[in-house]
Amino acid sequence: MDVVCLGESMVTFLPTEPGRLADVPAFLRGIGGAESNVACALAGAGHRAAWVGRVGEDGFGDHLVDTIAGHGVDTSAVLRDPDRPTGVYFRTAADRADGHHEVAYYRAGSAASAMSPLNAPYDALFAGRVLHLSGITAALSDDCLALLRTLTAERPGRPLVSFDINHRPRLWRGHPAGPGVLRDLARGADVVFVGEDEAAQAWGVHGPDAIRAALPEPAVLVIKHGADGATVLARPADTPPGPGTDEITTAPALRVDVVAAVGAGDAFAAGFLSATLRGLPVRDRVRHGHLMAAAVLTVPGDLAHPPVRAHADRLAALDDEAWGRLRLGPGWTGRTAAGHEAGRAGRTAAGHEAGHAAEGTLG
Numbered sequence: 076m077d078v079v080c081l082g083e084s085m086v087t088f089l090p091t092e093p094g095r096l097a098d099v100p101a102f103l104r105g106i107g108g109a110e111s112n113v114a115c116a117l118a119g120a121g122h123r124a125a126w127v128g129r130v131g132e133d134g135f136g137d138h139l140v141d142t143i144a145g146h147g148v149d150t151s152a153v154l155r156d157p158d159r160p161t162g163v164y165f166r167t168a169a170d171r172a173d174g175h176h177e178v179a180y181y182r183a184g185s186a187a188s189a190m191s192p193l194n195a196p197y198d199a200l201f202a203g204r205v206l207h208l209s210g211i212t213a214a215l216s217d218d219c220l221a222l223l224r225t226l227t228a229e230r231p232g233r234p235l236v237s238f239d240i241n242h243r244p245r246l247w248r249g250h251p252a253g254p255g256v257l258r259d260l261a262r263g264a265d266v267v268f269v270g271e272d273e274a275a276q277a278w279g280v281h282g283p284d285a286i287r288a289a290l291p292e293p294a295v296l297v298i299k300h301g302a303d304g305a306t307v308l309a310r311p312a313d314t315p316p317g318p319g320t321d322e323i324t325t326a327p328a329l330r331v332d333v334v335a336a337v338g339a340g341d342a343f344a345a346g347f348l349s350a351t352l353r354g355l356p357v358r359d360r361v362r363h364g365h366l367m368a369a370a371v372l373t374v375p376g377d378l379a380h381p382p383v384r385a386h387a388d389r390l391a392a393l394d395d396e397a398w399g400r401l402r403l404g405p406g407w408t409g410r411t412a413a414g415h416e417a418g419r420a421g422r423t424a425a426g427h428e429a430g431h432a433a434e435g436t437l438g
């Protein structure tokens, strides 16, 4: 296995039309979950990915497992709980006129909240080259937090541990540990993803230097600046933590015609991990993160078909000027019928791709 992802996935209900949740007449069923999103994106990019979680012995649990497996993800280690339900949530469309975004979670006491160090399938969790975790799991229950403490602890033969802070303020309200525990967990990981805004909100830390001072241990620290791109602080192998030891790489984000701003962070992590598994340079790892995020941003749901690998590689290899001129819209990956023409353009020679970039548009 290339990557194993642990966390809660829920059934998502998406509105059939814009408006407040109180006014939406009907919903369409989908799935959502940070870690399963990463697993699905990696499988779509050609990697062997597994998702490990816990769902109820109910129809929603069946739907989750079947749908995630349908994306090519190994779900053989997912546990079924006969006593607790599968979590669900409802959200509004991204184009509400007043700019507000409503999400209603029904996950308290869910099957996933019962994950613990005592019932975790460790053989499956440690079967990959990378184990991907997120801070959402830590907030679900004391048992879930104990499990993440166990998985981020140093141990012989541990796979590379990837940790996405994924700070969700609502989940931490009234939690005895508080979001400060996310910093402790991140310090035990090898690769950490954190938004600059998350660090400020959760820990009162501002700017890359201060974030690095708060998280000195991870070998790779990816700091996301939203629409402004990302900064990676990477310490060379066998170099102990300390000031001045990082190689710093910045990569601007792409201009994207956003359809829905949901799941982009998970897709970015998947793109970065995909390029990491392939041994690509740090700049290209960030660019693949941006490209995977752009695939999700240009569709309505949490999941999207990523661009074919050769297409993504050609775009990631563009020079800085051509990269800066790219603008991606719905269908740009060429993996849907609507994007056929964009995909055909994207499969041309690298020089032609640079020409598309110079024109300021693709898709």
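Residue numbering for the sequence shown is 76 to 438, as defined by the numbering used here.
Glycine included, C-beta positions come from ideal geometry on N, C-alpha and C.
- Pairing SER209 with GLU110 gives a Cβ-Cβ distance under 8 Å.
- Taking C-beta separations shorter than 6 Å and ignoring five residues to either side along the sequence, the partners of LEU154 in its chain run ARG129, following chain order.
- Secondary structure at HIS207: strand, using DSSP grouped into helix, strand and coil.
- Every alpha helix (DSSP H) stretch that sits fully inside the region 358 to 408 and reaches 4 residues is listed by chain position as 384 to 391, 395 to 400.
- Contact check for PHE135 and VAL86: beta-carbon distance about 5 Å, within the 8 Å limit, so the pair qualifies.
- Inter-residue distance for ARG182 and ALA391 is about 38 Å (C-alpha atoms, whole angstroms).
- VAL361 places its beta carbon less than 8 Å from that of VAL307.
- The region 95 to 107 makes contact with the region 157 to 168; the number of CB pairs closer than 8 Å reaches 3 or more.
- Under a 10 Å Cβ-count criterion, ILE240 is classified as buried, with 16 or more other Cβ atoms of the shown protein chains found around its own Cβ.
- The region 213 to 224 and the region 87 to 99 do not touch, with fewer than three beta-carbon pairs separated by less than 8 Å.
- Within the model, the alpha-carbon separation for GLY119 versus ALA370 is close to 12 Å.
- In this structure ARG204 touches PRO234 by the C-beta definition: roughly 6 Å separates them, less than 8 Å.
- Taken atom to atom, the span from the alpha-carbon of PRO254 to that of MET76 is near 31 Å.
- Secondary structure of GLY346 (DSSP, three-state): helix.
- If the five residues before and after GLY304 are omitted, its C-beta is found closer than 7 Å to the C-beta atoms of THR325, ALA326, PRO327, ALA328, all from its own chain and listed in chain order.
- Secondary structure remark: continuous alpha helix (DSSP H) runs of at least 4 residues inside the region 151 to 238, in chain order: 197 to 200, 210 to 213, 217 to 226.
- The secondary-structure analysis by DSSP pairs GLY253 with nothing; it has no beta-bridge partner.
- Using a Cβ distance threshold of 8 Å, ILE211 and GLY82 count as a contacting pair.
- Under the DSSP assignment, ILE240 falls outside any beta strand (DSSP E); it carries neither an H nor an E label.
- Every unbroken stretch of the beta strand (DSSP E) spanning 3 or more residues and falling wholly within the region 257 to 285 is given here in chain order: 266 to 270.
- Taking every protein chain shown into account, the CB of ARG159 has 16 or more other CB atoms within 10 angstroms, so this residue is buried.
- Under a 10 Å Cβ-count criterion, PRO381 is classified as buried, with 16 or more other Cβ atoms of the shown protein chains found around its own Cβ.
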